[in-house]
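Asker: If you're matching positions, the sequence shown starts at 15 in this note's numbering and goes up one per residue. Below are the structure tokens for one structure; questions will follow.
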Amino acid sequence: MTGGSDCVRSRRCDSLPGREPPALSAGCFSAAAPETFGSFGLRAVGGGPLEGARLFRSRQLAGMTAAEADGLAHGLGVRAIYDIRGQREVLAAPEPYVVGTKTIQLTPEEGQRPKSASQRLVAGVIGEYGAPEERMRANYRRYVQEYPLMGTALRSIAAEGVPALIHCVNGKDRTGVLSALIMVVGGAHPDDIMADYLATNQVNAAQIAEEAERLGEGMTPYERAILLSFLEARPSYLAAFFDEVARLYGSLERYLVEGVRITAPQLAQLQELYGR
């Protein structure tokens, strides 16, 4: 286990924000990397020490070793793994079975997106996605409507009531939004929600550098800027998600009840799991 930061989980709001989505900023973001476990960058949702946490997030588990699997199930006590990768992503990187856990596969809508980043994020093609950050902001706005898996995942986590791990491929976008919603339900301060989201850049630093070098071959500086906007977590992305929530639902409370369809008992269960 590595790292450790006190920035996240340092403050809590007293109740679920019901009038409007949080005003997110990067103001509280700490340069200290969060405590992590394994080659897949597992960390506690909301940051802080792994010990005592019951909700975790990570990258995909395809390269997990037997020792890491044992640590996941018996050291950290994870009992449910929520794999929110798309079907093509699952087929491209199958994951080992972790004894003592069960995996819940929740598949997002994939639309007409090509099969892999190597087809989309290449010189001469990537410029079609618009200016840096433009496509990713659009993706995050779309999550509000096109990913019913958010509600399914939250309801399932609440129903199971056991320590759980959430992951997609890079643990950044789908996982980032789902983790942010858990933190909202748990009463986290908006700055801490953003700090937890942006910490992905530190946890994934090696992977971001490798992909930037591999995919950026032959790109112009402008194309490289677009590429990095796909690989990194950016404040404007999570802000775009919450802005879209405000536009469509008016408040987070209404989004959670009418959009995600979370009941009061489920909210209470999620708050208990997040609160350690």
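Heads up, the beta-carbon is just placed ideally off N, CA and C, and yes, glycines get one too. Every value quoted in this text rests on a predicted model; they were computed, and no experiment measured them.
(1) In chain order, what residues of the same chain have a beta carbon less than 8 Å from the beta carbon of residue 280, not counting five sequence neighbours either side?
(2) To the nearest angstrom, how far is the alpha carbon of residue 43 from that of residue 211?
(3) For residue 288 and residue 233, I'd like the C-alpha separation in whole angstroms.
(4) According to the neighbour-count rule (16 or more other Cβ atoms, all chains shown, within 10 Å of its Cβ), is residue 111 buried or exposed?
(5) Starting from residue 210, follow the alpha helix (DSSP H) in both directions and report where the run begins and ends.
(6) Please report the straight-line C-alpha distance between residue 70 and residue 55, rounded to a whole angstrom.
(7) What do you get for residue 276, buried or exposed, if any count of 16 or more other CB atoms within 10 angstroms of its CB means buried?
(8) Between 89, 103, 154, 156, which has its C-alpha nearest residue 73's C-alpha?
(9) Looking at the secondary structure, which residues open and close the alpha helix (DSSP H) in which residue 250 lies?
(10) For the putative contact between residue 154 and residue 254, defined by C-beta atoms under 8 Å, what is the C-beta separation to the nearest angstrom?
(11) Give the DSSP bridge partners of residue 97, in chain order.
(12) Give the range of the beta strand (DSSP E) segment to which residue 90 is assigned.
(13) Taking one C-beta from the region 263-276 and one from the region 173-185 each time, how about it: are there three or more such pairs within less than 8 Å?
Answerer: In short, the structure shows the following:
(1) In the sequence shown, the residue the question calls residue 280 occupies position 266. So the qualifying residues of the chain are 168, 169, 172, 173.
(2) Stepping through the sequence shown from its first residue, residue 43 is reached at position 29. Stepping through the sequence shown from its first residue, residue 211 is reached at position 197. Unreliable positioning characterises residue 43 in this predicted model, as indicated by a pLDDT of 47, which lies under 50. The coordinate reading is nonetheless provided below. Our two residues, residue 43 and residue 211, have alpha carbons roughly 9 Å apart in a direct line.
(3) Position 274 of the sequence shown, counted from the first residue, corresponds to residue 288. Position 219 of the sequence shown, counted from the first residue, corresponds to residue 233. So the two alpha carbons sit approximately 42 Å from each other.
(4) As a working note, residue 111 is residue 97 in the sequence shown. Around the beta carbon of residue 111, fewer than 16 other beta carbons lie within 10 angstroms, which makes this residue exposed.
(5) Reading the sequence shown from its first residue, position 196 is the one you call residue 210. Per DSSP, residue 210 belongs to the alpha helix (DSSP H) from 204-212.
(6) The residue you call residue 70 lines up with position 56 of the sequence shown. The residue you call residue 55 lines up with position 41 of the sequence shown. A direct Cα-to-Cα measurement between residue 70 and residue 55 gives close to 10 Å.
(7) To locate residue 276, count along the sequence shown from 1; it is residue 262. Taking all protein chains in view, the Cβ of residue 276 is crowded by 16 or more other Cβ atoms within 10 Å, so the residue is classified as buried.
(8) Here residue 73 refers to the residue found at position 59 when the sequence shown is read from its first residue. For the residues 89, 103, 154, 156, the minimum Cα distance to residue 73 belongs to 103.
(9) Taking the first residue of the sequence shown as position 1, residue 250 is located at position 236. It spans 249-263 - the alpha helix (DSSP H) in which residue 250 sits, taken as one unbroken run.
(10) The sequence position of residue 154 within the sequence shown is 140, counting from 1. The sequence position of residue 254 within the sequence shown is 240, counting from 1. So it is a contact: roughly 4 Å between Cβ atoms.
(11) Indexing the sequence shown from 1 puts residue 97 at position 83. Note: residue 97 sits in a beta bridge opposite 119, 181.
(12) For the purposes of this step, residue 90 is taken as residue 76 along the sequence shown, with counting starting at 1. Counting along the chain, residue 90 sits inside no beta strand (DSSP E), nor does DSSP assign it H or E at all.
(13) In short, these stretches do not touch, since the Cβ pair count stays below three.
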